[in-house]
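The structure appears below as structure tokens.
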Amino acid sequence: MEISGMESKSNLQHSLRKYKFVFLGEQSVGKTSLITRFMYNTFDQTYQATIGIDFLSKTVYLENRTLRLQLWDTAGQERFRSLIPSYIRDSSVAVVLYDVTNRKSFESTNRWIDDVRAERGDDVIIILIGNKIDIEDKRQVTTDEGQAKANELGLMYFETSAKSGVNVETVFVEIAKKLPGSETAIDGSDAQSNSARENQFSD
Ligand SMILES: Nc1nc2c(ncn2[C@@H]2O[C@H](COP(=O)(O)OP(=O)(O)O)[C@@H](O)[C@H]2O)c(=O)[nH]1
Ligand SMILES: [Mg+2]
472 MEISGMESKS NLQHSLRKYK FVFLGEQSVG KTSLITRFMY NTFDQTYQAT
522 IGIDFLSKTV YLENRTLRLQ LWDTAGQERF RSLIPSYIRD SSVAVVLYDV
572 TNRKSFESTN RWIDDVRAER GDDVIIILIG NKIDIEDKRQ VTTDEGQAKA
622 NELGLMYFET SAKSGVNVET VFVEIAKKLP GSETAIDGSD AQSNSARENQ
672 FSD
């Protein structure tokens, strides 16, 4: 459906396509920080544990398209892992993060990628992200290693710093360009327990 400038706000909101993004990866790799950088362009050094799963929404305008992104932040702790498959189930995009200064977090990305493939097969865009590239002197995973894994598994690959903001916008723009048309978009009927929070934070 064509979105015209004359349309009323409620109609416009109704016609927006929604895309569910899930953010996965070990605890402390920077999932919440990356989302916060993208949403509010801020960074908070203090660690705030994500409790379970929560989402925020953001509307983005890109190449004549208006997209509504639903960003699902997950906790990497083992005690929440059993929840993950049900959240992956209707996702359009899975963003799998590791910390470039923590090799173990890089190795554990395979588990998350396997979970996504198990639930979504090829009906999902998977992005591998090496975060915290501002900490160059403690780097344990090279850019080439990250790129090689992404190539092997057929994923998009980026390196970011949620702290400095480098590449964060680029990641979302490049993903948005790859988003398919309505066939795999989430429709408007996603009212659920998190909707109060969505309304609270929507822009
Ligand atoms: N130097 C640096 N620290 C980061 C970066 N991203 C996150 N952090 C820090 O790493 C810790 C964990 O980040 P958080 O976003 O909570 O990780 P999550 O558990 O994956 O959600 C926090 O202290 C953040 O401030 C980054 O790009 N660079
Ligand atoms: Mg978190």
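Following the working numbering, the numbering of the sequence shown begins with 472 at its first residue and continues without gaps. Ideal Cβ positions, reconstructed from N, Cα and C, are used throughout, including at glycine. Since this is a predicted model, take the numbers as computed values, not measurements.
By the Cβ criterion, the segment 491-507 is in contact with the segment 531-551, since at least three pairs of Cβ atoms, one from each stretch, lie closer than 8 Å.
Non-local C-beta neighbours of residue 572 in its own chain, meaning closer than 7 Å and more than five positions away in sequence, comprise 603, 606, 609, 610 and 611, ordered along the chain.
Shown here for residue 631: same chain residues with a beta carbon closer than 7 Å to its own, the five before and five after excluded, namely 505, 600, 602, 604, 637, 638, 639 and 642 in chain order. Relative to ligand 2, the beta carbon of residue 589 is positioned no closer than 8 Å to any heavy atom. Residues 564, 565, 566, 567, 626, 627, 628, 629, 642 and 646 of the same chain have their beta carbon placed closer than 8 Å to that of residue 598, with the five preceding and five following residues left out of the count. Shortest gap from the CB of residue 505 to any heavy atom of ligand 1: under 8 Å. Around the beta-carbon of residue 589, fewer than 16 other beta-carbon atoms lie within 10 Å, marking it exposed.
Assignment of residue 603 by DSSP, reduced to helix, strand and coil, places it in the coil class.
Under a 10 Å Cβ-count criterion, residue 619 is classified as exposed, with fewer than 16 other Cβ atoms of the shown protein chains found around its own Cβ. Judged by beta-carbon spacing, residue 562 lies beyond the 9 Å limit of residue 569, meaning their Cβ atoms are not closer than that value. Residue ranges of uninterrupted beta strand (DSSP E) with 3 or more members, entirely inside the segment 532-569 and ordered along the chain, are 536-545. Secondary structure of residue 643 (DSSP, three-state): helix. About 19 Å separates the beta carbon of residue 541 from that of residue 551, a gap too long to meet the 8 Å contact definition. If you look at residue 588, you'll find it in the alpha helix (DSSP H) that goes 580-591. Within the same chain, no residue comes within 7 Å of residue 651 by CB-CB distance, once the 5 residues on both sides are set aside. Residue 649 is not a Cβ neighbour of residue 584, given a cutoff of 9 Å.
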